[in-house]
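The structure appears below as structure tokens.
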Amino acid sequence: MKLTGAQILLKCLEEEGVDVMFGFPGGAVIDIYDEIPNSKVEHILVRHEQGAIHAADGYARASGRAGVCLLTSGPGATNAVTGIATAYADSIPVVIFTGQVPRALIGNDAFQEVDIVGITRPCTKHNYLVQDIKDLQTIIKQAFYLARSGRPGPVLVDLPKDIQQQKVEFDYPKDVSMRSYKPTRKPHIGQIRKVVKLLKKARRPLFYTGGGVISSAAHEELTWLGQKLSIPVTSTLMGLGAFPGDDDLFLGMLGMHGTYAANMAVNDCDLLLAVGARFDDRVTGRIDTFAPNATIVHIDVDPTSIQKNVSVHVPIVSDCKPALAALKKETEGTLEEFDWAADHKEWVDEVQGWNREHPLTYKDDGEGIKPQYVVEKIYEITKGDAIIATEVGQNQMWAAQFYKYAKPNTLLTSGGLGTMGYGFPAAMGAQKAFPDKLVIDIAGDGSIQMCIQEMMTVVCNKLPVKIVILNNGYLGMVRQWQELFYDKNYCATCMDAQPDFVKLAEAYGAAGFRVTEKKDVEKTLREAFKVDKPVIVDIRVEKEENVYPMVPAGASLTEMLLV
Amino acid sequence: MSKHTLSVMVENEPGVLSRVAGLFSGRGFNINSLNVAPTLEKDVSLMTIVAEGDDAIIEQIVKQLRKLIPTIKVKDLTELNSVDREMVLIKVNAEDSKRAEILRIVDIFRCKVVDVSADELTIEITGDQSKIGAIVNLLTRFGIKEIARTGNVAMQRSMQIEL
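The following block contains the structure:
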């Protein structure tokens, strides 16, 4: 049967198992919107395109499935660019469909025309401008395949309006074959055996894990290896949740705001097993002093990540899951003959000693509410069984430090790009994927105002996201840098002119709470989490609290400022 | 820092040149020359790129090129035994008193005069980088008015022996 381009798009989405997309209509996609009522794919109407792309991203991170959004041409598409770059930086599978002016008008500076394929070329894994209706189905198939496979990432498909209206036979390809794209999935077994040999020799091994462990769902293999072979684990921000956060072998995050134990362990380890992590500058600090005593093994599905920032001794190009599974298989037999726990005891004791010496902490002395205390309470109340989204800045670091993530896909945060305004719409997307789960956005008063318009979306779609604002009246992370490195010149960071967040919540039809005293924190959070609609909890925290430990930008990991 | 000649086979589709060029500019890699042309296979283009960098940078360039979705194959010809050639058109001042000497140089280098006027000669030369560098040097003193270069094209030798 012949269908229009618009009908084909929706059919293809059904074939790909897409149940929801986030979008915003406009002239260049009106033909697609005309067909949405006849489709099984649900459409969530956002209030700004940035909300749509972050929601699709949050949906993808929480569910492990590809997120989808549908936007119009020109400003509709450009409004999503920040979100596309966010997904690209964190390797999140999202497929973005944008409308485009009719082919005959492309290049004429037509109304709402923009070269979105050109604009997004450096921030997508790949993108397409559909120029022939005959290619449409193959392109959609490839778009989903590219987004999900290898190192995942966003893929954009630009659909001229006349293509949406043309007809062609519907025949969705069953599978994809691209001669130019064949990602390596499995590790070279010789390299894995090399790692086993190194492990047997190592006295002070350390896992350094990243978002790749989560995107390839290798958390079980990692947990097995860490626990059975008695290897301490430190994680990047993106990797939190892949190894149980409350395990004694878990050292917390490393890097700029990493724990004392994690950064010391990196400095002292003799074997560093980097898995699905990419030696980002926020992780390594001064690069030439990073892991100075270690033999470095690097497992990553993306060959460009390997040997990019540091030179490694054993590179392994592989998806994390098959690589860790192979490592598990190769070491399983050693458990009986070899007492790994005894072998690493001295090292594990030392690492845990660092943790006792300088645990993650804060001075909880005065009257005021410490933001870290709020995050601890959120952890206690939820018992770690919630999906946490964060904005960017101090709120993000405290959410990473003081909440112990037990499972993968439970922390949604913009790690690579550091996009303020990400958390709330991402929480919205996660709530759509898991309607019955408690989804909390740990926010700052600055970031939350960047996508606050999505309050209307969560209210009208009954997505009961809980927003907890750690409200200090500052753009806190920048203020912290100004305090520490710029003589307290608080230029443009004071945000105490702010809306009444409680009234704002109520104006949107959500519930609002305000907490100004420490004794009310727990009670109010408990109450707020029980409300069956979206909630804003405005918590007035200590204004000039800092995130510690802190490694100043460009310093070595051992040069930490502590509490 | 050294120059590497990369042979990059890509899908011949719109935007592919921009993806390659954007990769170099976006990541701050140095590109010396870039040549693109179709191959016998109708959907495939061959790019010859001369890039400059230390070993780590060249390794990144090669990997990043491979990572582009339309890239089919990347070869670093510098590490293989290969031939490389560039063609250059040079328009040079040639008043009567200099003309004979210029023609001698043309002869020595076995290049061709492809256009002539009362006081200019246009010379076509094909060769490797050292040959082209030499003739450009020799002609500079007569006054080069215009120069157009194709950029390198290169190919791995069939038999891995030095000729």
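Chains as they are written, first to last, in the numbering used here: chain A, 207 to 769; chain B, 308 to 470. Idealized CB from N, CA, C, for every residue including glycine.
Check whether the Cβ of residue i lies closer than 7 Å to any Cβ atom in chain B.
{"i": "H176 (chain A)", "result": "Nothing about residue 176 (chain A) can be read from this structure; chain A reaches only from 207 to 769."}
{"i": "R147 (chain A)", "result": "With chain A running from 207 to 769 in the structure shown, residue 147 (chain A) is simply not present."}
{"i": "H332 (chain A)", "result": "yes"}
{"i": "Y387 (chain A)", "result": "yes"}
{"i": "P509 (chain A)", "result": "yes"}
Can you find a CB in chain A that lies within less than 7 Å of the CB of residue i?
{"i": "L409 (chain B)", "result": "Note that residue 409 (chain B) is Ile in the sequence shown here, rather than Leu. Chain A contact via Cβ: absent."}
{"i": "E318 (chain B)", "result": "yes"}
{"i": "P345 (chain B)", "result": "no"}
{"i": "I397 (chain B)", "result": "no"}
{"i": "K382 (chain B)", "result": "no"}
{"i": "I379 (chain B)", "result": "yes"}
{"i": "I376 (chain B)", "result": "yes"}
{"i": "G333 (chain B)", "result": "yes"}
{"i": "K370 (chain B)", "result": "yes"}
{"i": "G329 (chain B)", "result": "yes"}
Taking only three categories from DSSP, how would you classify residue i?
{"i": "R309 (chain A)", "result": "helix"}
{"i": "V507 (chain A)", "result": "coil"}
{"i": "N695 (chain A)", "result": "coil"}
{"i": "N333 (chain A)", "result": "strand"}
{"i": "I356 (chain B)", "result": "strand"}
{"i": "T501 (chain A)", "result": "strand"}
{"i": "Q704 (chain A)", "result": "coil"}
{"i": "D383 (chain B)", "result": "strand"}
{"i": "M656 (chain A)", "result": "helix"}
{"i": "G440 (chain B)", "result": "helix"}
{"i": "E751 (chain A)", "result": "coil"}
{"i": "E248 (chain A)", "result": "strand"}
{"i": "P345 (chain B)", "result": "strand"}
From the options, pick the residue whose C-alpha is nearest to that of residue i; which is it?
{"i": "T429 (chain B)", "options": "B:R448, B:A455, B:V420", "result": "B:V420"}
{"i": "R720 (chain A)", "options": "A:D364, A:A639, A:I742", "result": "A:I742"}
{"i": "D738 (chain A)", "options": "A:C666, A:V472, A:K551, A:D263", "result": "A:C666"}
{"i": "A759 (chain A)", "options": "A:R253, A:D474, A:N473, A:R492", "result": "A:R492"}
{"i": "C657 (chain A)", "options": "A:A286, A:W687, A:I505, A:T510", "result": "A:A286"}
{"i": "Y696 (chain A)", "options": "A:N515, A:E586, A:Y680, A:T284", "result": "A:Y680"}
{"i": "G574 (chain A)", "options": "A:K724, A:T730, A:I250, A:F630", "result": "A:K724"}
{"i": "R746 (chain A)", "options": "A:D651, A:L533, A:R385, A:Q558", "result": "A:D651"}
{"i": "G324 (chain A)", "options": "A:A353, A:V301, A:S297, A:V363", "result": "A:V363"}
{"i": "Q337 (chain A)", "options": "A:I312, A:R354, A:L446", "result": "A:I312"}
{"i": "C275 (chain A)", "options": "A:K208, A:V252, A:T537", "result": "A:V252"}
{"i": "V769 (chain A)", "options": "A:F707, A:D702, A:Q602, A:E563", "result": "A:E563"}
{"i": "I412 (chain B)", "options": "B:D391, B:D383, B:I442, B:V390", "result": "B:I442"}
{"i": "S269 (chain A)", "options": "A:I238, A:N752, A:I420", "result": "A:I420"}
{"i": "T390 (chain A)", "options": "B:R373, B:G434, B:E359, B:D361", "result": "B:R373"}
{"i": "I345 (chain A)", "options": "A:K534, A:P281, A:I214, A:A605", "result": "A:I214"}
{"i": "K583 (chain A)", "options": "A:Q600, A:G572, A:P565, A:Q607", "result": "A:Q607"}
{"i": "R685 (chain A)", "options": "A:K535, A:A500, A:L676, A:M701", "result": "A:M701"}
{"i": "T385 (chain B)", "options": "B:T312, B:M462, B:R464, B:S465", "result": "B:T312"}
{"i": "V301 (chain A)", "options": "A:D315, A:H260, A:P308, A:A310", "result": "A:H260"}
{"i": "G458 (chain A)", "options": "A:G622, A:K514, A:N561", "result": "A:N561"}
{"i": "M409 (chain B)", "options": "B:E393, B:E427, B:R392", "result": "Looking at the sequence itself, residue 409 (chain B) is Ile, so the reference to Met does not match. Ranking B:E393, B:E427, B:R392 by Cα distance to I409 (chain B) puts B:E427 first."}
{"i": "K613 (chain A)", "options": "A:E220, A:R399, A:G445", "result": "A:G445"}
If residue i sits next to residue j, beta carbons under 8 Å apart, how far is it from one beta carbon to the other, in whole angstroms?
{"i": "K367 (chain A)", "j": "G305 (chain A)", "result": "6 Å"}
{"i": "A734 (chain A)", "j": "K672 (chain A)", "result": "6 Å"}
{"i": "S511 (chain A)", "j": "P393 (chain A)", "result": "Incorrect: roughly 15 Å between the Cβ atoms, too far for contact."}
{"i": "V472 (chain A)", "j": "L767 (chain A)", "result": "So it is not a contact: roughly 17 Å between Cβ atoms."}
{"i": "K610 (chain A)", "j": "G629 (chain A)", "result": "About 19 Å; that fails the 8 Å criterion."}
{"i": "R242 (chain A)", "j": "T663 (chain A)", "result": "Looking at the sequence provided, one finds Ile at residue 242 (chain A) rather than Arg. That belief does not hold up - the Cβ atoms of I242 (chain A) and T663 (chain A) are roughly 16 Å apart, past 8 Å."}
{"i": "G772 (chain A)", "j": "S297 (chain A)", "result": "Nothing can be reported for residue 772 (chain A): it is not among the residues displayed for chain A, which extend from 207 to 769."}
{"i": "V395 (chain B)", "j": "R456 (chain B)", "result": "5 Å"}
{"i": "Q318 (chain A)", "j": "G280 (chain A)", "result": "3 Å"}
{"i": "N678 (chain A)", "j": "E751 (chain A)", "result": "7 Å"}
Closer than 6 Å to a non-hydrogen atom of the ligand PLP - does that hold for the CB of residue i?
{"i": "V399 (chain B)", "result": "The ligand PLP is not part of this structure, which contains no ligands at all."}
*State whether the segment 291-298 of chain A contacts the segment 635-653 of chain A, with contact taken as three or more CB pairs (one from each stretch) at a distance under 8 Å.*
Too few Cβ pairs lie closer than 8 Å, so no.
*Could you say if the segment 430-445 of chain A and the segment 369-380 of chain A meet the contact criterion of at least three C-beta pairs nearer than 8 Å?*
no
*Do three or more CB pairs link the segment 389-408 of chain B to the segment 448-457 of chain B at distances below 8 Å?*
In this structure the segment 389-408 of chain B lies against the segment 448-457 of chain B, because at least three pairs of beta carbons, one per stretch, are closer than 8 Å.
_Pairs of beta-carbons, one from the segment 398-405 of chain A and one from the segment 462-470 of chain A, closer than 8 Å: are there three or more?_
no
*Using 8 Å as the threshold, is the segment 595-604 of chain A in touch with the segment 421-432 of chain A, meaning 3 or more CB pairs across them?*
Touching, no, given that fewer than three Cβ pairs across the two stretches are closer than 8 Å.
*When the Cβ atoms of the segment 375-386 of chain A are set against those of the segment 372-379 of chain B, are three or more pairs found closer than 8 Å?*
yes
*Between the segment 346-355 of chain A and the segment 328-336 of chain A, do at least 3 Cβ pairs fall closer than 8 Å?*
yes
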